[in-house]
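All you need for my numbering is the position in the first sequence, starting with 1, plus 143. Glycine included, every Cβ here is placed at the ideal spot set by N, Cα and C. Just so you know, these numbers come straight off a predicted model, no measurement behind them.
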Amino acid sequence: MASKIQTLPGFRDFPPEACALRNFIFRKWRQTAISFGFSEYDGPVLEPLELFTEKSGPEIVSQLFNFEDKGGRAVSLRPELTPTLARMVGANAGSVRRPVKWFAIAECFRFEKQQKGRKRSFYQFNADVLGEPGPGADAELVALCIQSLRSFGLGPQHFVVRLSDRTLWMEFLFGLGLDEEKAIRVLSIVDKAERVDPEYTKEQLAPIFGEKTGAFLEEIARMKAVTNVAELEAWVAALGMAKLTERMAAWKELFAVIDGMELSDFCRVDLSIVRGLAYYTGFVFEVFERSGEGRAIAGGGRYDKLVEKLGYQPMAASGFAVGDVTLADLLATAGLTPNLIEGVDCFVVMGSSEKERTEGLRAVATLRSLGISADYAIKPTAFGKQFKMADTLGARLTLIFGGDELARGVFKMRDMATGGEAEGPIADLVDGVKMRLAHGIEK
RNA sequence: GUGGUAGUAGCUCAGCUGGUUAGAGCAUCAGAUUGUGGAUCUGAGGGUCGCCGGUUCAAAUCCGGUCUACCACCCCA
């Protein structure tokens, strides 16, 4: 036998059970997004390499599935959807209805070593609001993100949305006299601070703050202790920086919507969330698993400069993404993976005589044409075996087309859950079946 | 890219310090069962023990490499 060819590392097969779970997740995402008035879009899986390097810099190439196509073009499978979206909206900036509320469910690819929750191919639920710079857009996205998780049965005991603000951070650091470059360096140090030795953090900060490093770290500790808007306001007031005080209006607006939608239980202010990339410009948020590892489930934020960076008219933008892999993990650990076995409505049992087969097959075809799912044994099989198949396939109703029944112009229906049986004239097949499917048959 | 752990049937695993023809449960298929499913019993199929090489009279077992998975770094758009 030839060597068995497996899936590439980080890629998955989706046999029916896995596919059913995937589609279940997609369905919830789609339903929720539509219920929020978002419109679905999609884009090419393969894009010019520059689209991604333009946004994130040449360093990301090491994590891209990129190659040269036969026309000599540098191309890459998409690692995310945001640049595609920005292009699409930017190119149609003059004519799209604003605010743009769009979502996508897209397969994305990243060439990196896989581990739990991280594959090389995964599906992302993306939602974005463009053309609306105010906090209302961010609030709408937070709300959608929360509702999309709730639609799976997840609640505040399972996850928490941690909200932060890149604007607040930058103004704070500017207020301390840093320039943009230094401020960004400090952010990346702070971002990692939770995971590394405090002494190391101190060493990293020393060249920037000198002897004030200790004082800075104390201030950071106070800042990170903030968990709600009232505390944030108190912290800002104590600092006495005018720009930060101004910024509080946006926070109040954000939480006015979150409170109004009764989502406060899901949200927490957490300024330790900085998120890696420099292109975030305002509110940012991450959703974390509440129990156990505290893995990140979703993340997003405002990226007002990206559309312009891609060469279009400036347009405010904010968005988030959720991956299918971590979500499926979370659902599994929370015991919220539903039973996805989808049984057929009817299984038609038929005798092996020509008349029985003919009548049975006609019934199958009729039911199917009306959208009632129906299955049968492809090759003539013993009755007992056919019932077994009906059971295995999860049929709700078994229809029996046998010699005894046909001689009287009827067929028999058996409710596979109750074991109850009833007969009906073949002429009224559809009505009989619909009625029994709706109400079952008493034993 | 770096390091750690693991890999035996579709799944979960057993296989003692190397020793005939590699096992079990579940699952699948068939029969008991040619007009009634879930249960039970009987049987079958399914493995080059991840792959390549080495040591040995002899390797699933020991050694080296490699691939893959998981975990921790790096990164996280």
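- Task: Keeping to the same chain, check which residues put their C-beta closer than 7 Å to that of Leu470; ignore five residues upstream and five downstream.
- Result: For this step, residue 470 is matched to residue 327 along the first sequence. Contacts found: Ile168 and Ile440.
- Message: Tell me the DSSP secondary structure of Thr541 in three-state form.
- Response: Position 398 of the first sequence, counted from the start, is the residue given in the question as residue 541. Strand, per DSSP.
- Between which two residues does the alpha helix (DSSP H) containing Asn166 stretch? The count along the first sequence starts at 1 and reaches residue 166 at position 23. Counting along the chain, the alpha helix (DSSP H) containing Asn166 begins and ends at Pro159 to Ser178.
- Over the uninterrupted alpha helix (DSSP H) stretch that includes Glu190, give me the two end residues. Here residue 190 refers to the residue found at position 47 when the first sequence is read from its first residue. Membership of Glu190 in any alpha helix (DSSP H) is not indicated; the residue belongs instead to the beta strand (DSSP E) covering Leu189 to Pro191.
- Item | Whole-number beta carbon distance between Arg438 and Phe431, since they are thought to touch under 8 Å | Sequence index remark: in the first sequence, residue 431 carries index 288 (1-based). Sequence index remark: in the first sequence, residue 438 carries index 295 (1-based). Taking C-beta atoms under 8 Å as the contact rule, Phe431 and Arg438 qualify, at a distance of about 7 Å.
- Message: For Ala373 and Met366, I'd like the C-alpha separation in whole angstroms.
- Response: As a position in the first sequence, residue 373 is number 230, starting the count at 1. As a position in the first sequence, residue 366 is number 223, starting the count at 1. In this structure, the straight-line span from the alpha carbon of Ala373 to that of Met366 is close to 12 Å.
- Query: With a CB to CB cut of under 6 Å and the five nearest residues on each side skipped, what residues in its chain are close to Gly186?
  - Reply: Taking the first sequence and counting its residues from 1, the one referred to as residue 186 is at position 43. For Gly186, where only same-chain residues beyond five positions count, the Cβ hits under 6 Å are Thr227.
- Task: Work out the CA separation of Gln529 and Arg511 for me, nearest whole Å.
- Result: On the first sequence, residue 511 is found 368 positions in, with the first residue counted as 1. On the first sequence, residue 529 is found 386 positions in, with the first residue counted as 1. The alpha-carbon atoms of Arg511 and Gln529 are separated by roughly 19 Å.
- Would you call Asn482 buried or exposed, if buried means 16 or more other Cβ atoms sit within 10 Å of its Cβ? Locating residue 482 in the first sequence gives position 339, counting from the first residue. With fewer than 16 other beta carbons inside 10 angstroms of its own, Asn482 counts as exposed.
- Task: Using DSSP bridges, identify the partner residues of Glu566.
- Result: Here residue 566 is taken as the residue at index 423 of the first sequence, counted from 1. Answer is Lys555, bridged to Glu566.
- Endpoints, alpha helix (DSSP H) assigned at Phe530: As a working mapping, residue 530 is identified with position 387 in the first sequence. Start and end: Phe526 to Thr535.
- For Glu223, which residues of its own chain have a beta-carbon under 6 Å away from its beta-carbon, when the five flanking residues on both sides are left out? Translated into positions along the first sequence, residue 223 becomes position 80. Taken in chain order, the residues that qualify are Cys251.
- Query: Given a threshold of 16 other Cβ atoms within 10 Å of its Cβ, counted over all protein chains shown, does Phe304 qualify as buried or as exposed?
  - Reply: Translated into positions along the first sequence, residue 304 becomes position 161. Phe is not the amino acid found at residue 304; the sequence shown has Val there. Val304 should be labelled buried.
- Task: Over the uninterrupted beta strand (DSSP E) stretch that includes Leu306, give me the two end residues.
- Result: For the purposes of this step, residue 306 is identified with residue 163 of the first sequence, where counting begins at 1. Membership of Leu306 in the beta strand (DSSP E) is indicated by the continuous run Phe302 to Asp308.
- Query: Among Cys489, Ile351, Arg173 and Glu362, which has the Cα closest to the Cα of Val507?
  - Reply: Stepping through the first sequence from its first residue, residue 507 is reached at position 364. Per the Cα distances, Cys489.
- Message: Tell me whether the region 318 to 328 and the region 454 to 471 touch, counting them as touching only if at least three CB pairs, one residue from each stretch, are closer than 8 Å.
- Response: Here the region 318 to 328 makes no contact with the region 454 to 471; the two share fewer than three CB pairs at distances below 8 Å.
- Message: Using the Cβ count rule (16 or more neighbours within 10 Å means buried), how would you classify Ser178?
- Response: What you label residue 178 is simply residue 35 of the first sequence in a count that begins at 1. With fewer than 16 other Cβ atoms within 10 Å, it is exposed.
- Message: For Gln206, list the residues DSSP reports as bridge partners.
- Response: Within the first sequence, the letter at position 63 stands for residue 206. Secondary-structure assignment with DSSP links Gln206 through no beta bridge to anything.
- Item | Identity of the residue in Val339, Ala520 and Thr476 nearest Val492 by Cα | Position 349 of the first sequence, counting from 1, holds the residue named residue 492. Closest option to Val492, Cα to Cα, is Ala520.
- Message: Restricting to Cα atoms, I'd like to know which of Ala565, Gly567, Glu485 and Leu297 is closest to Ala533.
- Response: In the first sequence, residue 533 corresponds to position 390, counting from 1. Its Cα nearest to that of Ala533, the residue Glu485 stands out among Ala565, Gly567, Glu485 and Leu297.
- Message: For Asp589, count the other beta carbons within 10 Å of its own beta carbon; 16 or more makes it buried, fewer makes it exposed. Which is it?
- Response: Lying before the first or after the last residue shown, residue 589 is absent from the chain, which here runs from 144 to 586.
- Phe302 versus Cys410, Val400 and Leu220, residue with shortest Cα-Cα distance: Taking the first sequence and counting its residues from 1, one reaches residue 302 at position 159. Put simply, of Cys410, Val400 and Leu220 the residue whose alpha carbon is nearest the alpha carbon of Phe302 is Cys410.
- Query: Among Thr541, Gly462 and Val576, which one has its Cα closest to the Cα of Gln267?
  - Reply: Counting from one through the first sequence, the residue named residue 267 turns up at place 124. For the options Thr541, Gly462 and Val576, the alpha carbon positioned closest to that of Gln267 is the one of Gly462.
- Message: Using CA atoms only, rank isn't needed, just tell me which of Ala176, Gly514 and Ser496 is closest to Cys288.
- Response: Locating residue 288 in the first sequence gives position 145, counting from the first residue. Checked all of Ala176, Gly514 and Ser496; the closest Cα to Cys288 is Ala176.
- Task: Under 8 Å by Cβ, that's how I've got Leu108 and Met559 pegged, so tell me the actual separation to the nearest angstrom.
- Result: The requested residue 108 is not part of the displayed model; the chain covers only 144 to 586.
- Measure the alpha-carbon distance for Asp281 versus Gly444 and round it to whole angstroms. In the first sequence, the residue the question calls residue 281 occupies position 138. In the first sequence, the residue the question calls residue 444 occupies position 301. Taking the CA atoms as reference points, Asp281 sits about 7 Å from Gly444.
- Message: Only counting the same chain, and skipping five residues up and downstream in sequence, which positions put a Cβ closer than 6 Å to that of Gly466?
- Response: Against the first sequence, residue 466 aligns to sequence position 323. Once the five neighbours on either side are set aside, the close Cβ partners of Gly466 are Phe265 and Gln267.
- Query: CB-CB under 7 Å to Phe157, same chain, minus the five flanking residues each way: which ones, in chain order?
  - Reply: The residue given as residue 157 occupies position 14 in the first sequence. A distance below 7 Å between beta-carbons, with the five flanking residues on each side excluded, links Phe157 to the following residues of its chain, in chain order: Arg165.
- Return the chain-ordered list of same chain residues with a C-beta closer than 8 Å to the C-beta of Arg263, the five sequence neighbours on each side being excluded. On the first sequence, residue 263 is found 120 positions in, with the first residue counted as 1. Around Arg263, the same chain offers Leu151, Pro152, Gly153, Phe154, Phe208, Phe252, Arg253, Phe254, Glu255 and Gln257 as residues with beta carbons nearer than 8 Å, after the five sequence neighbours per side are excluded.
- Which listed residue (Gly442, Glu548 and Leu479) has its alpha carbon closest to that of Gly494: Counting from 1 along the first sequence, the entry for residue 494 is found at position 351. The residue from Gly442, Glu548 and Leu479 with its alpha-carbon nearest to that of Gly494 is Glu548.
- From the DSSP output, read off the bridge partner residues of Ser264. Position 121 of the first sequence, counted from the first residue, corresponds to residue 264. Partner(s): Phe252.
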